[in-house]
Amino acid sequence: DAGVIQSPRHEVTEMGQEVTLRCKPISGHDYLFWYRQTMMRGLELLIYFNNNVPIDDSGMPEDRFSAKMPNASFSTLKIQPSEPRDSAVYFCASSFGDPGGTEAFFGQGTRLTVV
Amino acid sequence: EDQVTQSPEALRLQEGESSSLNCSYTVSGLRGLFWYRQDPGKGPEFLFTLYSAGEEKEKERLKATLTKKESFLHITAPKPEDSATYLCAVALDGGFQKLVFGTGTRLLVSP
Chain E
1 DAGVIQSPRH EVTEMGQEVT LRCKPISGHD YLFWYRQTMM RGLELLIYFN
51 NNVPIDDSGM PEDRFSAKMP NASFSTLKIQ PSEPRDSAVY FCASSFGDPG
101 GTEAFFGQGT RLTVV
Chain B
1 EDQVTQSPEA LRLQEGESSS LNCSYTVSGL RGLFWYRQDP GKGPEFLFTL
51 YSAGEEKEKE RLKATLTKKE SFLHITAPKP EDSATYLCAV ALDGGFQKLV
101 FGTGTRLLVS P
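Written out as structure tokens, the structure is:
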């Protein structure tokens, strides 16, 4: 398996524009996570899905952020409208079962810059 | 508020110079503590999970230990390829899915 695949790797956009980040989890994994990483706050969980259903979105910063998982092999994180403070690296991760003992596999991340 | 603090923020070692990284936590209910390694430009990579105080796990030159208030990642005779950022995270009551991460320790091992 190629691992968790995220696209694009880098995104530069202007304030106010819509941004869509994409993720393909590892085949067979039933949990999918979206994280955001910044120097100041580290790695923060935004939302996670189980069997394509959003379970907890309490980490989503505000209504400008939305995430979907239309099927087991694809998820999107959308920011509309984007703001400079959204600049960060966004990671998608997937795991099989409750990741208490099993590991979560992370993608390479999308570096978002909002100017 | 649940909090995870890692120290030091950065650590520079000579090859072969053993040391320890610290992860202290103040959480309402700990279900597990995770260690991850992150290389520049990449996502975190899983190293260990510890579940209860007194537990220890080893992998090559790394050894993780857990007490009721903190965890240590001991690095024995490190090599330059051990250079990375090491992240710890805690899983709280309610499930292992919600991980609270520390901000990491950047380790640089010089030859």
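Going down the list, the protein sequences come from chains E and B. Residue numbers 1 to 115, in the numbering used here, belong to the letters of the first sequence in order. Residue numbers 1 to 111, in the numbering used here, belong to the letters of the second sequence in order. Even glycine gets a Cβ: it sits at the ideal position worked out from N, Cα and C.
query                                                                                                                                                                                                : result
How about Glu11 (chain E): is its C-beta nearer than 8 Å to some C-beta of chain B?                                                                                                                  : no
Would you call the region 29-37 of chain B and the region 77-93 of chain B in contact, with 3 or more CB pairs under 8 Å?                                                                            : yes
So what does Thr38 (chain E) bridge to, in DSSP terms?                                                                                                                                               : E:Gly42
Can you name the start and end residues of the beta strand (DSSP E) that Glu9 (chain B) belongs to?                                                                                                  : It is not in any beta strand (DSSP E) - Glu9 (chain B) carries neither H nor E in the DSSP assignment.
Output the distance between the C-alpha atoms of Phe68 (chain E) and Asn52 (chain E), rounded to the nearest integer angstrom.                                                                       : Here the sequence assigns Lys to residue 68 (chain E), which means Phe is not the residue at that position. Distance between the alpha carbons of Lys68 (chain E) and Asn52 (chain E) is about 8 Å.
Assign Pro70 (chain E) to one of three DSSP states: helix, strand, or coil.                                                                                                                          : strand
Give me the residue from B:Pro44, B:Glu70, B:Asp2, B:Phe101 with the minimum Cα distance to Arg41 (chain E).                                                                                         : B:Phe101
Is the shortest distance between the beta-carbon of Leu21 (chain E) and the beta-carbons of chain B less than 8 Å?                                                                                   : no
Identify, in the order they occur along the chain, each residue of the same chain with its Cβ nearer than 8 Å to the Cβ of Glu55 (chain B), setting aside the five sequence neighbours on each side. : Thr65, Leu66
How about Val114 (chain E) and Pro84 (chain E): are their beta carbons less than 8 Å apart?                                                                                                          : yes
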